[in-house]
Amino acid sequence: MTCRTGPGPDLPEGRRTAHTDAAFTALLEDSAEELYESAPCGYLSTLMDGTVAKINTTLLNWLGLTRDDVVGRLRFTDLLTVGGRIYHDTHFAPLLRMQGGVNGIALDIRQADGGRLPVLISSVTKTDHDGRPLLIRTTVFDASDRRAYEQELLRERQVAEEARRRAEEDRQRLQEALAVLQSSLLPAQLPQVPGMEAASHYHTASPDRLGGDFYDLFPLDDRRWAFFLGDVCGKGPQAAAVTSLTRYTLRAAALHNPDPVAALTTLNTVLHERYATGDPRYCTAVFGVLEPEGDTVTVELASGGHPPALVLRQDGHTEYLPTPGGLLVGIMPSAPFTSARTVLGAGDTLLLYTDGLTEARTGEKRELFGDEALLDFATALTDTAPRQVVTAMTGLLNSFGDGLDDDTALLALGVPMTDPTPASDT
Amino acid sequence: MSPLTTTVQNTGTGPLLRIAGELDYSTAPELRELVTGLPLEPGQRLVLDLAHLGFCDSSGITAFIVARNHALAHDADITLLAAPGPVLRVLRVTGLDQVFSLAPGQDTRTERAADG
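Going down the list, the protein sequences come from chains A and B. Note that the working numbering numbers the first sequence so that position 232 is 232, with each residue one more than the last. Note that the working numbering numbers the second sequence so that position 17 is 17, with each residue one more than the last.
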């Protein structure tokens, strides 16, 4: 900081008037000494050991001390708070020694009434002709307004951070709500079907977008069991609402009439009636009934627009169980559904899946994984139990990485070679 | 990913909408908006030319159903023209091959197929 103490700047001759002359005269009377004492900043000269040699009135007023209290009695650091003293000794003084000057360091000075005043301090070392340090000249600026401004900025930042934290909490809560809603669309665990093993897996593509895939397995009576698996178009809460409607409609329809075509027909009527106007909402679904009989299980299923189920035979053979012509459920007032029947022997497994699996993109060309590749992959699993089939399929899904951007549901139902083991969710 | 590009041409029998690129979760809403804004007269036929459709997932299928509903609401028909193999496969799996009238593509002039 330069404190101008000399005469005012020269102005062009023509502009000089009696009025300005008078003003300059008044300025000239403002002597260097007067300016030093009552400048809008504090001045301080200290010996090299820190003892205060000279101090101006402005700074004495800020400190609440008299000249006699300070000059020759106190060191510069005695004017600082404890924290300021430490900072002075560890940073300020070394810098000053090294550079011969320090600019605009923020410190607090102690006031006689116990208060503290935030200040900005600059110091330069005055040397003699040989470069030996003689004394330190220090200016002290009142930084209380500036500190208040900085604290306001800090407070605003804290408010912003608090808002961000709350938004993060809200997001977390929403995610938990979505997870609960999602889990309400799936059985918590598969029931144990006597003489069978069942396993399932649900791959969630995005925790933020409720998926529309669903499956279920439940008893119809003391002999027969029903299962279904499907995929509702779209994602998010609207899709989840359709999924919920679908799941409970199929469950209710199955108890009323377990014929697979009848169950899908009921679902079609319900969905079409509910979503006849506006945004089309539909699903694909496979619905089937299991009827264990001795060592075998008879499966009768029907499909509405869903990819065909896979049958993994114990003898190493794998085949799709075609249900051609079954239409998407819910888009037409009445829809054709096709049924198919097969018998599972010991070691056979029926695998249901949603098209996330076959429509995953693989390789550099990002080609669809496809039916053929699925058939090949499944053929290598024909000698494994449903649980291992689902584990292997889960591994396959994980291997797709970002090539899999859709939810995918898997449900494997099989007749174990040995004693039946409990159902499991992987 | 190649984005979705669409061009509309009015033929004597109704609008011909060429759909090229990828039809998925991110691009399907654009097609749905476009197709529901197409003016249709009773008895006309809306043709969706899919010859250059590189990819189509279930969102795309929904857009076709929206197009069909739009056509039916105006007593018009709809045809899917020159659906590529993978799209045909999806249409078959979903049973939609029975719902939409499908026309094979012609390498020369797709307009002629639309006119005819």
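Heads up, the beta-carbon is just placed ideally off N, CA and C, and yes, glycines get one too. Nothing here was measured: the structure is a model prediction, and the numbers come from that model.
Consider the Cβ of A/E359: report whether some Cβ of chain B lies at a distance smaller than 8 Å.
Yes, A/E359 lies at the interface with chain B (some Cβ there is under 8 Å from its Cβ).
Residues of chain A with a CB under 8 Å from the CB of B/A86: which are they?
Looking at the sequence shown, residue 86 of chain B is not Ala but Pro. By Cβ distance, chain A contributes L368.
If you draw a straight line from the C-alpha of B/A103 to the C-alpha of A/T246, how long is it?
33 Å
What does DSSP give as the partner residue(s) for B/A103 in the beta ladder?
B/L81
Identify the contact partners of A/G326 in chain B, using a Cβ-Cβ distance below 8 Å as the criterion.
Result: G95.
For A/F214, write down the residues that DSSP places opposite it in a beta bridge.
A/G230
Minimum C-alpha distance to A/E300 - residue among A/D113, A/R341 and A/P237:
A/R341
In three-state DSSP terms, what is B/L88?
helix
Have a look at A/H272 and A/V159 and give me their C-alpha separation to the nearest angstrom.
Going from the Cα of A/H272 to the Cα of A/V159 covers about 50 Å.
Specify the secondary structure class of B/T110 as computed by DSSP and reduced to three states.
Residue placement at B/T110 cannot be trusted, given a pLDDT of 44 that sits under 50; the coordinates are not used to answer.
Have a look at B/R32 and B/P84 and give me their C-alpha separation to the nearest angstrom.
20 Å
Between the CA atoms of B/A67 and A/D295 - distance to the nearest angstrom
50 Å
Exposed unless 16 or more other CB atoms sit within 10 angstroms - verdict on A/E293:
exposed
Is DSSP giving A/A53 helix, strand or coil here?
strand
Let me know if A/R307 comes out buried or exposed under the rule of 16 or more other beta-carbons within 10 Å of its beta-carbon.
It should be pointed out that residue 307 of chain A corresponds to Pro in this sequence rather than to Arg. When all chains shown are included, A/P307 counts as buried.
Which residue comes first and which comes last in the alpha helix (DSSP H) that contains A/F377?
G370 to T379
Let me confirm a value: A/L381 is counted as buried when at least 16 other C-beta atoms fall within 10 Å, else exposed. Which label applies?
buried
Status (buried if at least 16 other CB within 10 Å, exposed otherwise) for A/H19
exposed
Could you tell me which chain B residues have their CB closer than 7 Å to the CB of A/G305, listed as they occur along the chain?
V93, T94 and G95
Bridge partner(s) assigned by DSSP for B/D49:
B/R18 and B/L81
In whole angstroms, give me the CA-to-CA distance for A/L190 and A/S184.
13 Å
Proximal residues of chain A, C-beta to C-beta of B/P65 below 7 Å:
In the sequence as displayed, the identity of residue 65 of chain B is Ile instead of Pro. Neighbours of B/I65 on chain A, chain order: P280 and I331.
Taking the alpha carbon of A/E319 as the reference point, which residue from A/G42, A/R85, A/G83 and A/T379 has its own alpha carbon closest?
A/T379
Between B/S101 and chain A, is there a C-beta pair that is closer than 8 Å?
no
Pick out whichever of A/G414, A/P322, A/D348 and A/E372 has its Cα sitting closest to the Cα of A/E359.
A/E372
Say whether the segment 112–119 of chain A touches the segment 31–39 of chain A, bearing in mind that this needs 3 or more beta-carbon pairs closer than 8 Å, one atom from each stretch.
no
Going by beta-carbon coordinates alone, are B/A28 and B/A63 separated by less than 8 Å?
yes
What does A/C233 touch in chain B if you count any residue whose Cβ is under 9 Å from its own?
S58, S59, I61, T62 and I65
If we define contact as Cβ-Cβ less than 8 Å, is A/T362 a contact residue for chain B?
no
Within-8 Å CB hit, B/N69 to chain A
yes
Using a Cβ-Cβ cut-off of 8 Å, state whether B/Q44 counts as contacting chain A.
no
Rounded to whole angstroms, what's the CA-CA distance from A/R313 to A/L352? Just pull it up for me.
One C-alpha to the other measures close to 14 Å.
According to a CB-to-CB cut-off of less than 7 Å, which residues of the segment 273–299 of chain A neighbour chain B?
P280 and T284
Give the DSSP-derived three-state secondary structure of A/L79 in the structure shown.
Collapsing the DSSP output to three states places A/L79 in a helix.
A/Q172 to B/G105, Cα distance in whole Å?
50 Å
Those runs of the beta strand (DSSP E) which lie wholly inside the segment 323–349 of chain A and span at least 3 residues
338–344
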